[in-house]
Amino acid sequence: MSCTEIFGFVLSETLCRTSRGRKHDPVMFSRISDALQAAADVIAPPCPRVEDLRYHWTQLSIVCQRCQHNEGQPPAIEETHVTRHLSQMLKALVAEEREQRVGGPLSPCMEYLVQEKVLAMLATHARADRPLGIRQHVYIFLVGVLNHLHHSHLHHTPIHKSLQTMVRASCEMRASPYETEEIEFLSTLCEKIRQDSSIILLYIQPIALTGGISSGYTPEDSLPPTPSHEGTATTTSDSSSVVSTQKSLPKFPLVDALLNLCHSADSQISATAHDCLVGIASVREGQSSSTIARHTLLPHYLATRLVTASDSIPVDTEPALIEDIPLSERVRTDVNENSDSEDDEDVGEFPGRREVVTFLYWLTFCDKLVDVSDGALGSSICSTVREVFLDGVLRGNLTSDDEDTTSLFIALTAKIITSVSSPLLVNGIVSWLTEEAEDLDGGETSMRQQLMILCQQPPHHLQIQALRLLQVLMEKPGSMAVQSLVLNYMTARSYHDSSAAEHQQSSWSDEEDERYKHRDGETSPGSPAISRTLAPANINKIVKRFLTVVPEDLRSTTKDDFESYMADAQRQYRDVCRSCASFGWPREAVTPECPSDSSSTASRESRAEAEGNTFYEGPFLSMLMDFLEHLPDQDYDINLQVTSLVATLALLPHPHLHEFLLNPTITLSGGVRTPFTVLSSVVSKIYQPIVERQDYLDHLKVTRYQLLGTMEEFDFERDEDERKFEALIVIEEFTKELASIAYAKYITEGSGW
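Take 407 as the starting number for the sequence shown in my numbering and just add one per residue.
Below you can see the structure in the form of structure tokens.
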């Protein structure tokens, strides 16, 4: 204690004794005390802060040394003056740092700490935790130092070495009594790394430099699988080689410490640890990302969390309700199993909702880490998630013999696709779902084949769910699903009869030629030319062909409501164009000169069909055409899902896909099926059985009201022809939708949107 403090204390005590028993004014007493303190400072000036720091450090060291040499149970920190000494040391440091120029040399107090290795000694006492509880207060002391120390000073070896020691101390015990102080220390250190990313390199340590194998805590539920080896015999030289290899591996105790705290029962602590991991993963300095990927348990931690969370979802969870669960930051509080928050009732709206929300939290956390990290760490996370979660739990449940399990995980897979946004993770999941069987080892059934099987085989509800999952894949921005399932089979443009192309061009009317010339003159310099494929001049002919697929005498309404689809079609097309803008798709449908070139992005099937000059639409489009052919034999809800999926594809701004789906005027190769040809064929087949019924017009109206309106005015019962009438209504409305999409593209492309 300084002379000034002693003198002020004596004067204050004197005033207290003289005023004891008397009524006095506290404000006046405070002013008198301040005046006396100022007078004391003049009579006996305070000693330099560094001397005050030295005094408190000496006293603290004496106490700690006694505890180190004492046998038996060390005293609790409350029985000593250690906390007061630490507080006074921090007070001196903070006061001096505030006066120091930002980014300048170390202050005298900090210089003393560095020269006398005070921080190293504190770290040693903290790891030993003698006296009991000192570790907690050392963390508090270091947080105070970090908060007021410029990040450039953290490169001093005596400073960062001591901080490393405290970081490793956070790896040693799960459910530590000092978790709150540990996470505050680690988050403060991560903030310093954010301010100067080069600091992160100080925390990547080869084992040889840190005195042996790290004592970091290894979470039991995050251990990677033990690799299998062909040989079991191991020589002494092999063992020494393995040991030397392990000793040369870099360690990242900062990540280990954060992973340790991720398991905390306190949701706030675990959430803060997750935020710190995101911050560390986003640092792109040296080999930090590859070190995290190769030498920490972070990728496995994420994958096993997904496995655990998905396993906890009850099988009786209603699949249809999963789609509507929103993603929000509030999920973070929902994952705490012991939470008593006001949101509990909302989480329990239906059985299984809490477990699904928990899974979605881990999924979005994984997605965020992949998004902020660079290629090495992101790729490691994606490959581990695929190996542990996708190929393990998700594949097993999607191929389960139990219908309820399969139904639940189809819905969960669709939710996974809509929830992730990082391109690397999106493409990893989509490629897993759409890869060809030839790409797998050992002839294993691909998930693409499994999805096709689910779509085409009963039970009915699984068919609809699988079709819905495919639509989600098609709608995912940045998804490779369209390329893999559809476009790879269209690059050769073999669906088009090129031998008839010249005749088709010569058959255009003079009016159409003039229209093209006029439109070409309208384009402004620098803007892309209007696509003749996406906005053909004969758009009126195209629209008319779609609208006349169903003859007038079979139409369920005389009202021409084609335009009612236009507003939605234009809005949807603009949205799709924005999401596909980065794909670099061509603007015109042109037959390539060398479709069998090895550099082509076409799949093996598309290259084969191109060489043989025959068109193979691929298993996905082939399945859709089969569904369209069987519209009169299928349930109404399957028909709706199929037509919705075809409409989703028709909205895509790829010229080959547009031409195939939305241009009935092109000349097709022999045997090629398009939506227009298939729908026309279906109508021809059901025309005669329908018109042979005397009441078919009334029945058409009844069916339309059943599907699209009310039944107040009619009293008809269903019969064996009901599916034919339902299919006819579906075709009537679907052709209007296709016509509106074609016209919306024409208008949007022509306006330059």
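From the three backbone atoms N, C-alpha and C, an ideal C-beta is built for every residue, glycine too.
Asked, Found
"Just the Cα atoms here: how many angstroms apart are Cys-470 and Leu-499?", "21 Å"
"For a test of the three-state rule: what should DSSP assign to Leu-1074, helix, strand or coil?", "strand"
"Straight-line CA distance for Leu-1068 to Pro-1059?", "11 Å"
"Tell me where the alpha helix (DSSP H) around Arg-511 begins and ends.", "It is Pro, not Arg, that sits at residue 511 in the sequence shown. Looking at the DSSP string, Pro-511 is not in any alpha helix (DSSP H), and its letter there is neither H nor E."
"Please go through the same chain and pick out, in chain order, the residues whose beta-carbon is closer than 7 Å to the beta-carbon of Ile-787, but skip the five residues on each side of it.", "Pro-705, Leu-708, Cys-772, Leu-775, Val-776"
"Run through DSSP, which three-state label would Lys-657 get?", "strand"
"Quick test of your reading: Leu-1027 and Val-892, contact by CB under 8 Å. State the CB separation rounded to the nearest angstrom.", "6 Å"
"Which residues in the same chain as Ser-718 place their Cβ atom closer than 6 Å to its Cβ, once the five residues preceding and following it in sequence are excluded?", "Glu-761"
"Count the other C-beta atoms from every protein chain shown that fall within 10 angstroms of the C-beta of Gly-784, then say buried if there are 16 or more, exposed otherwise.", "buried"
"Nearest-angstrom Cα distance between Glu-809 and Pro-720?", "14 Å"
"Suppose contacts are defined by Cβ-Cβ distances below 8 Å. Is Ile-823 in contact with Val-878 by that definition?", "yes"
"Tell me the rounded alpha-carbon separation between Val-832 and Thr-790.", "14 Å"
"Here's the rule I'm using: 16 or more other beta-carbon atoms within 10 Å means buried, otherwise exposed. How should Glu-505 be labelled?", "exposed"
"Using three-state DSSP, classify Leu-940 as helix, strand or coil.", "coil"
"Give the secondary structure of Glu-935 by DSSP, where H, G and I count as helix, E and B as strand, and everything else as coil.", "What sits at residue 935 in the sequence shown is Ala, not Glu. Three-state DSSP puts Ala-935 in coil, outside helix and strand."
"According to the Cβ coordinates, are Ser-837 and Met-896 closer than 8 Å?", "no"
"Which one of Val-996, Gln-693, Leu-667, Lys-1151 has the shortest CA to CA distance from Asp-681?", "Leu-667"
"Can you pull the DSSP bridge partners for Leu-538?", "Ala-482"
"Whole-angstrom Cβ separation of Ser-694 and Ile-610, contact assumed at under 8 Å?", "6 Å"
"What three-state label does DSSP hand His-566 in the structure shown?", "helix"
"Measure from the alpha carbon of Pro-942 to the alpha carbon of each residue in Pro-865, Ile-1135, Ala-1148, then state which is nearest.", "Ala-1148"
"Go through its chain and collect everything with a Cβ distance to Cys-598's Cβ below 7 Å, but skip five positions before and after it.", "As written in the sequence, residue 598 is Lys, which differs from the Cys given in the question. Here the set comprises Leu-552, His-557, Leu-560, Ile-605."
"Assuming Gln-570 and Pro-659 form a contact by the criterion Cβ under 8 Å, report the distance between their Cβ atoms to the nearest whole angstrom.", "7 Å"
"Check for me: the alpha helix (DSSP H) holding Gly-834 runs from which residue to which?", "829–840"
"Below 8 Å on the Cβ atoms is my guess for Thr-1154 versus Tyr-979; work out the distance and round it to an integer in Å.", "5 Å"
"Compare the C-alpha of Lys-1160 against each of Leu-1074, Ala-526, Pro-1038, Ala-529 and name the closest.", "Since the first residue of the chain shown is 407 and the last is 1159, residue 1160 is not available in this structure."
"Mind checking whether Arg-455 and Ala-501 have CB atoms under 8 Å apart?", "yes"
"Leaving aside the five residues before and after His-902 along the sequence, list all residues of the same chain whose C-beta is less than 8 Å from its C-beta, in chain order.", "Ala-995, Thr-997, Glu-1065, Ile-1072, Thr-1073, Leu-1074, Ser-1075"
"Which value, in whole angstroms, describes the spacing of the CA atoms of Leu-1113 and Glu-1132?", "8 Å"
"Beta-carbon separation of Pro-1095 and Lys-1130 under 8 Å?", "yes"
"Quick one: measure Cβ to Cβ for Ser-900 and Phe-1021, integer angstroms, because I've assumed they're closer than 8 Å.", "4 Å"
"Report yes if the C-beta distance between Ile-936 and Ala-872 is below 8 Å; otherwise report no.", "no"
"Going by DSSP in three states, Gln-863 sits in which element: helix, strand or coil?", "coil"
"Cα separation between Val-1168 and Thr-963?", "Since the first residue shown for the chain is 407 and the last is 1159, residue 1168 is missing from the structure and cannot be characterised."
"Tell me, to the nearest whole angstrom, how far the beta carbon of Leu-868 is from that of Ser-813; I am working on the premise that it is less than 8 Å.", "6 Å"
"What did DSSP end up calling Gln-693 once you bin it into helix, strand or coil?", "coil"
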